[in-house]
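A short write-up of the structure that comes next.
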Amino acid sequence: MSVRSKNKEAAFDVVIVGGGMTGMCAALACARHGAKTALVQDRPVFGGNASSEIRMHICGASSNMMKKDAEETGILRELLLENKKVNTYYNFSIWDRVLFTAMKTQPNLTVFLNTTMVDADSEGRCVKGIHCYQLTTEINWHLTADIFCDCTGNGTLGFMTGVPFRTGSEGKEEFHEKDAPDKPNNDRMGNTLLFKAVDRGQPVEFIPPKDAYHFTEEQLRYRKHADLRAPDGSILEEKADAIMDNLDEATKNLVVDNYCLDYGYWWIELTGEKADIIEEYEDIRDELVKCVYGIWDHIKNGGDHGAQNFDLQWVGMLPGMRESRRLEGDYMLTENDIFDNRIFPDAVAYGGWDCDNHVAHGLLDFDKMPSSIFPFKGLYTIPYGCYVAKEMDNLFISGRSMSASKLAMASSRVMGTCAVGGQAVGTAAAMCIKYGCGTRGVKQHMTELQQTLLKDDCYIPGYKNEDPLDLARTAKVTATSEKHAAVNVINGVARTVEENINCWQSNGIRPEGEELYLSFEQHKKVSQVRLTFDPNLNASIRLSLSSKRIAEQVPGVPPELVKDFDVELRKDGEAVTVKQVRGNYQRLNVLDFQPVECDEVVLRVLATNGIADARVYEVRVY
Ligand SMILES: Cc1cc2nc3c(=O)[nH]c(=O)nc-3n(C[C@H](O)[C@H](O)[C@H](O)COP(=O)(O)OP(=O)(O)OC[C@H]3O[C@@H](n4cnc5c(N)ncnc54)[C@H](O)[C@@H]3O)c2cc1C
C-alpha cells in the first residue's frame, strides 16, 4: 500500500511558531503592523498554558496585585477585557473562543491550528523555512518567510536551527547571582496537571483509579490541601495563618491560591528522571495522572480535609511545562538585572513577578516547601537583546525560552511578562519587513520600536511618549472640571506610577457630559484620535480556576472604564466631524477620521461603566 502525502507550500513575511500567550500577542502585533504573518500552533486552541487544555491563570508584573499599577496593558489587556465583557462565569471554553475570534478575524494573519512544526531548514545564519504536519488535514506544510519567531515555550525552532541553549541552573561564578547554586546543575522546574473541584452541597463519593498513588499527611505537610473556607465562602484566616505560620509574605501570596479545595494544585509537579524533560514528557504525564488522582484520593478518603461534598469536575490531561530549554540571545537577563530594577537603553518589555524557583524534584521533595521565593521591590525592563537569537540573523525568541538565566526565568516566565515580550517581538518583526533588515537591523530604529509599543498601549518603565507625530503633545489642554489635572493626558505616561496619577479625572459627570479640550494654535490636519482610559490596573480581571482569585474580582467590565463618549473635531468653534462611541469596554480606543482640518479636539464623556468620574490617561492626535 502506498503512502500518499499531501504537500503544500506557503510564503509569508513572518512565521511565528507556538500559539501560547506569547505567540498570539506576537502574531497580532506583527499582522497589525502590516506584515503578512503566519502563526503555527500544534493544539486545537490558543493560549498554551492559559488555554482550556491546561487552565493556568495569567500572572504578571503585579505579582498577584502586590505591586501597584504594574499590570500589563497592550494586546494582553485587550484580550482580557474582551473576555471580562463576555465571560461572566469564568468559563475556559469561552476564553478559548475569545482567543479564537481575535486570531481568526485579524487581517494579514493566517493561522495553522493542529499544526506541528517538525523540522526547520537553515542556511548559514538564516532560518529558511519550517516543515509542519497538520494532523486534521494530513497536509505537510512547508512555510517560508523572511523572519521567524520561536514562541514554542520549549525553544524548539531555535534548537532545530542550532541556537545555543541551556537547561538547569547557572553556577554562581557566571553571573554572580546571589541565589545561584555554587556549581551549575540541571535542576528544572517540573510539569503539572491541574484540576477543578466543585462543592455539590451533599456528600460525594470518590473511588480512586487502581493506578493512583498513595500519599500520607506527613508527605504533604508542606503542601496545603484542605478546605479553609467558612460556610459563607470566606477564608478562615486564622486557620490559614496557622498553617502558613513560618512563611514570608511572598510565599504566602503564592500559596493563597490554594485556600479552597476547588483549584488544585500547582505543586503537583514532576521533573522527570533523565536529562531531557522534553523527551520525557509522556512518561512524566503518566506519573502525573497517578499523582493527581492519588492526591485527590488522600484529600477525599485520607482524613478530614473538609472535602466531603467536593467532586472532581475537570482534570487536565495535557501537563503544563514550566521550564525546558532557554535559548541564548544577544543578551541574557539575570537575577541582578531584576533585583536592580534595571532600565535598559533598548528596553522593550518589563516584568515584576518575584523570582519563584521551584524545588528540584517537585512533589517528590516532600521535606521542602514546593517553591523558594526571592522577592524584590519594583519592576525591571527586558532588553531587546534577550529576544534576538544568538548566531542567527532572522530569528526572534520569546516566551519562557527567551534568553534569561535560570533565576531570571524564575520571574520572566509568567504569561503576562511573556505576552508583553511577544508583542515587542511581533512589532519588531514587522519593522524588519518594513526596513528589509534582519533582527539586529532594528537596533538602529530602537526609538521607533519603543515609541510604537507605547503608542500601542504597552508599558516600558522609564520611557514615555515622545512621538513627534503626536499633535496632542503641542496642544493646550483644559476640561470642564478637574479632580486630577487635564494636562496629564499629554504628559507621556499612560498609567499611575508611584505618586504620579498621570490621568485626567473629572469631578463627577454632568448630564450633558464632561468635556476635555485639546486646542491648537493653528489648524491641524487630523485623521486619528487615540484615547487611553482607566481599567483600574490594581484590580485583577484574569480568568482563573481559583474561586479565591475569582472572589477578589469585580464582576463584569471594570467600572472605571469610560463607557459612552463622543469625539468632536472643531474648526473655528464649529464641529466639523463627530464620532460617537457607546458601550465601550476597552482601555485603548483608536478612532479614525477622514483627514480634516481642525483646531480643537473635544472628548465628551457621557457615562462610565460604574464610577462617578471620567478618567482618561492619554489622548493622542495624529
Ligand atoms: C502548572 C504551572 C503553573 C504555572 N503558574 C503560572 C501562573 O500562575 N501564572 C503564569 O502567568 N504563569 C504560570 N506558569 C508559567 C507559564 O504558564 C509558562 O511559563 C508559559 O509556558 C509561558 O508561555 P509561552 O507562551 O512561552 O509558552 P506556552 O504557554 O507553553 O505556549 C507555547 C505554545 O506553543 C505550542 N508549540 C510548542 N511546540 C510547538 C511546535 N513544534 N509546533 C507548533 N506549536 C508548538 C504549544 O503547544 C503551546 O500551545 C505556570 C506553569 C505551569 C506549568
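Residue numbering for the sequence shown is 862 to 1483, as defined by the working numbering. Backbone N, C-alpha and C define an ideal beta-carbon position, used for all residues, glycine too.
Worksheet entry | Buried or exposed by the 16-neighbour rule on C-beta atoms within 10 Å, applied to I1068 | Start at 1 with the first residue of the sequence shown, and residue 1068 comes out as number 207. That one is exposed.
Discussion item. What does the alpha-carbon distance come out to for the pair G1283 and M882?
Written reply: For this step, residue 1283 is matched to residue 422 along the sequence shown. For this step, residue 882 is matched to residue 21 along the sequence shown. Looking at the two C-alpha atoms, the distance is approximately 8 Å.
Item to complete: Ignore the nearest five residues each way along the sequence and tell me which others in N1047's own chain have a CB closer than 7 Å to its CB.
Response: To locate residue 1047, count along the sequence shown from 1; it is residue 186. Excluding residues within five positions, the ones whose Cβ falls inside 7 Å are T1028, G1029 and A1136.
Discussion item. Rounded to whole angstroms, what is the Cα-Cα separation between A1473 and E1461?
Written reply: Within the sequence shown, the letter at position 612 stands for residue 1473. Within the sequence shown, the letter at position 600 stands for residue 1461. Their Cα atoms are separated by approximately 26 Å.
Worksheet item: Does DSSP classify I915 as helix, strand or coil?
Response: Counting from one through the sequence shown, the residue named residue 915 turns up at place 54. Judged by DSSP in its simplified three-state form, I915 adopts coil rather than helix or strand.
Fill in: Whether L1314 touches V1303 by CB criterion (8 Å)
Against the sequence shown, residue 1314 aligns to sequence position 453. Against the sequence shown, residue 1303 aligns to sequence position 442. Taking 8 Å as the cut-off, the Cβ atoms of L1314 and V1303 do not count as close.
Fill in: Counted within 10 angstroms of its Cβ, other Cβ atoms place M1292 as buried (16 or more) or exposed
Locating residue 1292 in the sequence shown gives position 431, where the first residue counts as 1. Counting Cβ neighbours within 10 Å, M1292 comes out buried, since at least 16 surround it.
Worksheet item: Can you give the Cα-Cα distance for N975 and K1344, rounded to whole angstroms?
Response: Here residue 975 is taken as the residue at index 114 of the sequence shown, counted from 1. Here residue 1344 is taken as the residue at index 483 of the sequence shown, counted from 1. Using only the alpha carbons, I get a separation of about 52 Å.
Worksheet entry | N1202 - DSSP class collapsed to helix/strand/coil | Within the sequence shown, residue 1202 is the residue found at index 341, counting from 1. DSSP, reduced to helix, strand and coil, places N1202 outside both helices and strands of the structure shown, so it counts as coil.
Worksheet item: Three or more C-beta pairs closer than 8 Å, one from the stretch 1144-1153 and one from the stretch 1172-1182: is that the case here?
Response: Short answer: they touch.
Practice prompt. Could you name the residues of the same chain whose beta carbon sits closer than 6 Å to that of N1470, not counting the 5 residues immediately before and after it, in chain order?
Written response: Residue 1470 sits at position 609 when you count from the first residue of the sequence shown. So the qualifying residues of the chain are V1418, P1420, L1422 and K1424.
Discussion item. Does the beta-carbon of D903, which I'm using as the reference point, lie nearer than 7 Å to any heavy atom of ligand 1?
Written reply: Locating residue 903 in the sequence shown gives position 42, counting from the first residue. Yes, Cβ of D903 sits closer than 7 Å to a heavy atom of ligand 1.
Worksheet entry | Proximal residues to M862 (C-beta, below 8 Å), its chain only, five neighbours per side dropped | As a position in the sequence shown, residue 862 is number 1, starting the count at 1. Caution is warranted here: a pLDDT of 43 is assigned to M862, below 50, making its placement in the model unreliable, and the coordinate value is therefore given only provisionally. Within the same chain, and ignoring the five residues on either side of M862 in sequence, no residue has its Cβ closer than 8 Å to its Cβ.
Item to complete: Determine the DSSP secondary structure at L1225, reduced to helix, strand or coil.
Response: Within the sequence shown, residue 1225 is the residue found at index 364, counting from 1. The DSSP-derived three-state label of L1225 is helix.
Item to complete: Would you kindly report the start and end of the unbroken beta strand (DSSP E) that includes C987?
Response: In the sequence shown, counting from the first residue as 1, residue 987 sits at position 126. C987 to Q995 is the extent of the beta strand (DSSP E) around C987.
Item to complete: May I ask you to check if the CB of H918 is nearer than 7 Å to at least one heavy atom of ligand 1?
Response: By 1-based counting over the sequence shown, the position of residue 918 is 57. Checking every heavy atom of ligand 1 against the Cβ of H918, one is found closer than 7 Å.
Fill in: Where N1218 falls: helix, strand or coil (DSSP)
For the purposes of this step, residue 1218 is taken as residue 357 along the sequence shown, with counting starting at 1. In the structure shown, N1218 sits in a strand (DSSP, three-state: E or B).
Worksheet item: Out of C1247, G1287, F1257 and A1285, which has the shortest C-alpha to C-alpha gap to A1269?
Response: Here residue 1269 refers to the residue found at position 408 of the sequence shown. Residue nearest to A1269 within the set C1247, G1287, F1257 and A1285 is C1247 (criterion: CA-CA distance).
Worksheet entry | Residues bridged to I1000 (per DSSP) | Here residue 1000 refers to the residue found at position 139 of the sequence shown. Bridge partners of I1000: K867 and Q995.
Item to complete: Taking the CB atoms as reference points, tell me whether G909 and G1014 lie closer together than 8 Å.
Response: Against the sequence shown, residue 909 aligns to sequence position 48. Against the sequence shown, residue 1014 aligns to sequence position 153. Yes, they are a contact pair.
Discussion item. In the DSSP assignment, the alpha helix (DSSP H) including C1459 goes from what residue to what residue?
Written reply: Against the sequence shown, residue 1459 aligns to sequence position 598. Counting along the chain, C1459 falls outside any alpha helix (DSSP H), though it belongs to the beta strand (DSSP E) covering L1449 to T1469.
Practice prompt. Rounded to whole angstroms, what's the CA-CA distance from G1125 to D1228? Just pull it up for me.
Written response: For the purposes of this step, residue 1125 is taken as residue 264 along the sequence shown, with counting starting at 1. For the purposes of this step, residue 1228 is taken as residue 367 along the sequence shown, with counting starting at 1. Here the alpha carbon of G1125 sits roughly 20 Å from the alpha carbon of D1228.
Item to complete: Let me know the secondary structure DSSP gives M862 once reduced to three states.
Response: If you number the sequence shown from 1, residue 862 lands on position 1. Caution applies to M862, whose pLDDT of 43 falls short of 50 and renders its modelled position unreliable; the model cannot decide the point.
Discussion item. Tell me which residue opens and which closes the alpha helix (DSSP H) that Y1478 is part of.
Written reply: The residue labelled residue 1478 in the question sits at position 617 within the sequence shown. Premise fails: Y1478 lies in the beta strand (DSSP E), R1476 to V1482, not in any alpha helix (DSSP H).
Item to complete: Please classify D1072: is it buried, with 16 or more other beta-carbons within 10 angstroms of its beta-carbon, or exposed?
Response: What you label residue 1072 is simply residue 211 of the sequence shown in a count that begins at 1. Exposed, because fewer than 16 other Cβ atoms sit within 10 Å of the Cβ of D1072.
Discussion item. If the criterion is Cβ atoms closer than 8 Å, does the pair W1127 and L1404 meet it?
Written reply: Indexing the sequence shown from 1 puts residue 1127 at position 266. Indexing the sequence shown from 1 puts residue 1404 at position 543. Between W1127 and L1404, the CB-CB gap reaches or exceeds 8 Å.
Discussion item. Measuring only the C-alpha atoms, how far is E1066 from K946?
Written reply: Start at 1 with the first residue of the sequence shown, and residue 1066 comes out as number 205. Start at 1 with the first residue of the sequence shown, and residue 946 comes out as number 85. So the two alpha carbons sit approximately 37 Å from each other.
Practice prompt. Label G935 either buried or exposed according to how many other C-beta atoms from any shown protein chain fall within 10 Å of its C-beta, with 16 as the threshold for buried.
Written response: Mapped onto the sequence shown, residue 935 falls at position 74. Buried.
Worksheet item: Which ranges does the alpha helix (DSSP H) cover as unbroken runs of at least 4 residues, wholly within the stretch 995-1056, from first to last along the chain?
Response: If we require 4 residues or more, the alpha helix (DSSP H) runs fully inside the stretch 995-1056 come out as 1017-1021 and 1033-1036.
Worksheet item: With respect to the beta strand (DSSP E) encompassing G1283, which residues constitute its N-terminal and C-terminal limits?
Response: On the sequence shown, residue 1283 is found 422 positions in, with the first residue counted as 1. Residue range M1276 to Y1296 is occupied by the alpha helix (DSSP H) that includes G1283, with no beta strand (DSSP E) assigned at that position.
Discussion item. By DSSP's criteria, E984 is part of a beta bridge. Which residues make up the other side?
Written reply: In the sequence shown, the residue the question calls residue 984 occupies position 123. According to DSSP, E984 bridges with C987.
Discussion item. When you compare the CB of N1445 with every CB in chain B, is at least one pair closer than 8 Å?
Written reply: Looking for chain B here will not work: only one protein chain is present.
Worksheet item: What is the DSSP secondary structure of I1234, counted as helix, strand or coil?
Response: Here residue 1234 corresponds to residue number 373 of the sequence shown, with the count starting at 1. In this structure, I1234 counts as strand in the three-state DSSP scheme.
Discussion item. By the three-class DSSP mapping on this structure, what secondary structure does W956 have?
Written reply: Position 95 of the sequence shown, counting from 1, holds the residue named residue 956. In the structure shown, W956 sits in a helix (DSSP, three-state: H, G or I).
Fill in: Per DSSP, the bridge partner or partners of T1242
Position 381 of the sequence shown, counting from 1, holds the residue named residue 1242. T1242 is bridged to Y1211.
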